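Asks: Take this structure first; my questions come after.
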Amino acid sequence: MRMAFRRVLLLLLLFLSALLLRSLYGATNFGEDDAFQVYLIGLKWYTTGIFPYWGPDVVYTQSQIPGALQGLLVGGPFFLKVVPEAPFLLLNFLSLSALCFLGWYLAQRIPAVPKWFLFGWLLTAPWAMNYSTHIENPSYVLPAAVMFFVSVWEIFPIYEKQIVATKWAFFWLGFSLFWVMQLHLSWVLMLPYIGLTFWFQAKKGQGFWRAALFFLLGAAITASTLVPTIMEFGVASSGGTEQNIEFNPSNLSEIPNIAAKMLSFACGEVARYTGDYTPEPLEFLKAYIWAAPCTIFFALMGLAQFALFAFSFFQKTSVKTSTSVKTSTSVKTTADKSADKSAINKKPLEWGKVKFFMLASIGLVCLSYLFASLPPKAHAFYLLFPVAMWYSFYCYGELFRSKRFRILAIAFLVSGGVFHFALAQKNAQRYGLWAKREKVEAAIAAKDYTILGLRRESVLQMSSRENVWEKKSEGQYRTGYEYKNPCFQPQNISCNVFRN
134 MRMAFRRVLL LLLLFLSALL LRSLYGATNF GEDDAFQVYL IGLKWYTTGI
184 FPYWGPDVVY TQSQIPGALQ GLLVGGPFFL KVVPEAPFLL LNFLSLSALC
234 FLGWYLAQRI PAVPKWFLFG WLLTAPWAMN YSTHIENPSY VLPAAVMFFV
284 SVWEIFPIYE KQIVATKWAF FWLGFSLFWV MQLHLSWVLM LPYIGLTFWF
334 QAKKGQGFWR AALFFLLGAA ITASTLVPTI MEFGVASSGG TEQNIEFNPS
384 NLSEIPNIAA KMLSFACGEV ARYTGDYTPE PLEFLKAYIW AAPCTIFFAL
434 MGLAQFALFA FSFFQKTSVK TSTSVKTSTS VKTTADKSAD KSAINKKPLE
484 WGKVKFFMLA SIGLVCLSYL FASLPPKAHA FYLLFPVAMW YSFYCYGELF
534 RSKRFRILAI AFLVSGGVFH FALAQKNAQR YGLWAKREKV EAAIAAKDYT
584 ILGLRRESVL QMSSRENVWE KKSEGQYRTG YEYKNPCFQP QNISCNVFRN
């Protein structure tokens, strides 16, 4: 009993430590425009009291994603603790919890990969650190993405035994669908998976309607924050997001690029986060010379990971050998040692299904970009991050049986930690929350979010704005600034309905 208590206490301390570190890391990346605008959605709600009917912006069409979830997730923490870092703490609690759950699940499914590497890599991979720690709408997608794909893997005929009960898997599917729908346009990628889960459930010949009921129950919870927007704006509640659909066959040439970006989710990617252009990564190495050896090693290992994951597509399915090579005695024969060597990099029985799932997911993303006006960007399908990680851990096979590989893996994780520490210093100087902390505090104190900045305005907002100026006489006008709907009043006139 005492040992169990100590273990729980230790895990809790590790969780809280990771939460603090990841929150501090996320706060170093605040100044970029998209992140700044998402933060303003919640701050505007908290400081004005105007319900956040709309979520993130789609800049190139001047549209907005409908639903209040994004505003509630960012602004809600201010009601609990009025500090600029409050939204970062909630985000990192959600994302860290999701990654821990994913780690627990994968540990059950892929026992060949040791837990220290599985959890260590899930929590420190560049994509996990940079798109689940700082305030930006794809970061909030991760918790639902984990719930969604764990449920899909449980319902699909991939594993012989289920870990998650079918009813709860369908509940999570419904919950996660309407969660992502209010945060990012990539929610449409979820629909084919959901359709197939119901098809597989129907093939079982029982439990279909029960599964549908639990799906609707889960959907009702997250859809509840979308309903107010639909009720308030009716046919205009799409926010203009349908304008983002455009047939674009030129994106067929991007298929190799999409596949590479999908694999990169699970790799030690460096260049993306040190700078988009060739001189920037080199400048990063020069500026943080003390971290350069670890950064270079981490980047090279990331390339090796990419090669391993790409090569694994061509590996055939083979039986699980981790138990077949055991002998009844402590002394191994020459044949046994030979069997041990042949076991290296073998894949379990479900490997063929895992590989097909990954390929089909890449194909789905490619298909979706036939109807997107822009070329593919990795963060746009960050929803599939759990899929890439799931596939990648299978690719390691039995490599961890080698002591040299385990040492290499430890060095890889340590070098990644050094890289992240240097990157945090770089980002903090350019984008850190602390540079704008005084403005955030002033905005909170004055209940005036415009002290920090102005929200982007969509076409719907601008076209729906009332003209409150009345002609008094020739060349003279008057107004009482009495906008019937505060959602459409100009930000530079009145930004706080609490004052009225």
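For the sequence shown, my numbering begins at 134 and goes up steadily by one. Think of the CB as a built atom: it goes at the ideal place given N, C-alpha and C, for glycine as much as any other residue. Note that this is a predicted model, so its numbers are computed, not measured.
Hey, which unbroken runs of the alpha helix (DSSP H) at 4 residues or more fall wholly within the region 192-220?
Replies: Listed in chain order, they are 202-213.
Asks: For A505, which three-state DSSP category applies?
Replies: By one-based count along the sequence shown, residue 505 stands at place 372. A505 falls in the strand class under three-state DSSP.
Asks: Per DSSP, W187 forms a beta bridge with which residues?
Replies: Taking the sequence shown and counting its residues from 1, one reaches residue 187 at position 54. DSSP lists P199 as partners of W187.
Asks: Given a cut-off of 8 Å, decide if A576 and L176 are closer than it, judged by their beta-carbon atoms.
Replies: Your numbering for residue 176 matches position 43 in the sequence shown. Your numbering for residue 576 matches position 443 in the sequence shown. Yes; because the gap between Cβ atoms is below 8 Å, this pair is in contact.
Asks: Take the Cβ of G338 as the centre, count every other Cβ of all protein chains shown within 10 Å, and call the residue buried at 16 or more, exposed below.
Replies: Position 205 of the sequence shown, counting from 1, holds the residue named residue 338. With fewer than 16 Cβ atoms within 10 Å of its Cβ, G338 is classed as exposed.
Asks: Within 10 angstroms of the Cβ of L275, are there 16 or more other Cβ atoms? Answer buried if so, exposed if not.
Replies: Translated into positions along the sequence shown, residue 275 becomes position 142. By the 10 Å Cβ count, L275 comes out buried.
Asks: Assuming I363 and S357 make a contact with CB atoms under 8 Å, what is their CB distance in whole Å?
Replies: By 1-based counting over the sequence shown, the position of residue 363 is 230. By 1-based counting over the sequence shown, the position of residue 357 is 224. The pair is not a contact, with the Cβ atoms about 11 Å apart (cut-off 8 Å).
Asks: With DSSP collapsed to three states, give me the class of I291.
Replies: In the sequence shown, counting from the first residue as 1, residue 291 sits at position 158. It is coil, neither helix nor strand.
Asks: Near E402, what residues of its chain come up, given a Cβ to Cβ distance below 6 Å and the 5 sequence neighbours on each side ignored?
Replies: Residue 402 sits at position 269 when you count from the first residue of the sequence shown. Closer than 6 Å at Cβ, skipping near neighbours: P259 and G435.
Asks: Can you give the Cα-Cα distance for L202 and W312, rounded to whole angstroms?
Replies: The count along the sequence shown starts at 1 and reaches residue 202 at position 69. The count along the sequence shown starts at 1 and reaches residue 312 at position 179. Rounded to whole angstroms, L202 to W312 spans 7 Å at the Cα level.
Asks: Which class does I495 belong to by DSSP, given the choice of helix, strand or coil?
Replies: If you number the sequence shown from 1, residue 495 lands on position 362. Helix.
Asks: Output yes or no for whether 8 Å exceeds the beta carbon distance between P210 and L227.
Replies: Here residue 210 refers to the residue found at position 77 when the sequence shown is read from its first residue. Here residue 227 refers to the residue found at position 94 when the sequence shown is read from its first residue. Not closer than 8 Å, so no.
Asks: Quick check: the Cα distance between L532 and L239, rounded to an integer number of angstroms?
Replies: Indexing the sequence shown from 1 puts residue 532 at position 399. Indexing the sequence shown from 1 puts residue 239 at position 106. If I take the Cα positions, the gap works out to 17 Å.
Asks: When the Cα of P414 is compared with those of Q315, G253, A555 and R589, which residue comes out closest?
Replies: In the sequence shown, the residue the question calls residue 414 occupies position 281. The shortest C-alpha separation from P414 is found at A555.
Asks: How long is the line joining the alpha carbons of I296 and P271, rounded to whole angstroms?
Replies: One-based indexing of the sequence shown puts residue 296 at position 163. One-based indexing of the sequence shown puts residue 271 at position 138. Approximately 28 Å between the Cα atoms of the pair.
Asks: By DSSP, does I635 sit in helix, in strand, or in coil?
Replies: Lying outside 134 to 633, the shown extent of the chain, residue 635 is not represented and no answer is given.
Asks: Count the other CB atoms, across all protein chains shown, that sit within 10 Å of the CB of A344; report buried if there are 16 or more and exposed otherwise.
Replies: As a working note, residue 344 is residue 211 in the sequence shown. By the 10 Å Cβ count, A344 comes out buried.
Asks: What's the C-alpha gap between P290 and F333?
Replies: Counting from 1 along the sequence shown, the entry for residue 290 is found at position 157. Counting from 1 along the sequence shown, the entry for residue 333 is found at position 200. C-alpha separation (whole angstroms): 8 Å.
Asks: Under the rule that 16 or more other beta-carbon atoms within 10 Å means buried, what is D190, buried or exposed?
Replies: Along the sequence shown, one-based indexing puts residue 190 at 57. Looking at its Cβ environment, which holds 16 or more other Cβ atoms inside 10 Å, D190 is buried.
Asks: Just the C-alpha distance for L173 and R539, rounded to the nearest angstrom, thanks.
Replies: Working through the sequence shown from its first residue, we reach residue 173 at position 40. Working through the sequence shown from its first residue, we reach residue 539 at position 406. Each residue's alpha carbon lies about 45 Å from the other.
Asks: For V279, collect the residues of the same chain with a Cβ closer than 8 Å to its Cβ; drop the 5 residues on either side in sequence, then sort them by chain order.
Replies: Here residue 279 refers to the residue found at position 146 of the sequence shown. The residues are A231, L232, F234, L235 and P519.
Asks: Should M134 be labelled buried (16 or more other beta-carbon atoms within 10 Å of its own) or exposed?
Replies: Reading the sequence shown from its first residue, position 1 is the one you call residue 134. Looking at its Cβ environment, which holds fewer than 16 other Cβ atoms inside 10 Å, M134 is exposed.
Asks: What residue ranges within the region 543-583 form continuous alpha helix (DSSP H) runs of no fewer than 4 residues, ordered along the chain?
Replies: If we require 4 residues or more, the alpha helix (DSSP H) runs fully inside the region 543-583 come out as 570-579.
Asks: On the CB-based measure, 16 or more other CB atoms within 10 Å of its CB, does F380 come out buried or exposed?
Replies: Within the sequence shown, numbered from 1, the residue matching residue 380 stands at position 247. By the 10 Å Cβ count, F380 comes out exposed.
Asks: Can you tell me whether M522 is buried or exposed? The criterion is at least 16 other CB atoms within 10 Å of its CB, across all chains shown.
Replies: Indexing the sequence shown from 1 puts residue 522 at position 389. Buried is the call here.
Asks: Give a yes or no on whether the C-beta atoms belonging to V207 and V246 are separated by under 8 Å.
Replies: By one-based count along the sequence shown, residue 207 stands at place 74. By one-based count along the sequence shown, residue 246 stands at place 113. No, the pair does not count as a contact, with Cβ atoms beyond the cut-off.
Asks: Is it a yes or a no for the region 557-565 touching the region 153-165, going by three-plus beta-carbon pairs under 8 Å?
Replies: In short, these stretches touch, since the Cβ pair count reaches three.
Asks: For E269, count neighbouring Cβ atoms within 10 angstroms of its own Cβ and tell me buried if that reaches 16, exposed if not.
Replies: Position 136 of the sequence shown, counting from 1, holds the residue named residue 269. E269 comes out buried.
Asks: Pick helix, strand or coil for Y527, following the three-state DSSP scheme.
Replies: Taking the first residue of the sequence shown as 1, we reach residue 527 at position 394. In the structure shown, Y527 sits in a helix (DSSP, three-state: H, G or I).
Asks: Using 10 angstroms around the beta-carbon of M136, count the other beta-carbons present and answer buried if the total reaches 16, otherwise exposed.
Replies: To locate residue 136, count along the sequence shown from 1; it is residue 3. M136 comes out exposed.
Asks: Rank A425, L418, A393 and T407 by C-alpha distance to the C-alpha of A440 and give the top, closest one.
Replies: Translated into the one-based positions of the sequence shown, residue 440 becomes position 307. Among A425, L418, A393 and T407, the Cα nearest to that of A440 belongs to A393.
Asks: Between the alpha carbons of V283 and A302, how many angstroms are there, rounded?
Replies: Translated into positions along the sequence shown, residue 283 becomes position 150. Translated into positions along the sequence shown, residue 302 becomes position 169. For V283 and A302, the distance between alpha carbons rounds to 8 Å.
Asks: Answer with buried or exposed for A511, where buried requires no fewer than 16 other C-beta atoms within 10 angstroms of its C-beta.
Replies: Position 378 of the sequence shown, counting from 1, holds the residue named residue 511. Buried, because 16 or more other Cβ atoms sit within 10 Å of the Cβ of A511.
Asks: Which residues in the same chain as P361 place their Cβ atom closer than 8 Å to its Cβ, once the five residues preceding and following it in sequence are excluded?
Replies: Along the sequence shown, one-based indexing puts residue 361 at 228. Cβ within range, chain order: F184, Y186 and A201.
Asks: Can you tell me whether F136 is helix, strand or coil according to DSSP?
Replies: The count along the sequence shown starts at 1 and reaches residue 136 at position 3. According to the sequence shown, residue 136 is Met rather than Phe. It is helical.
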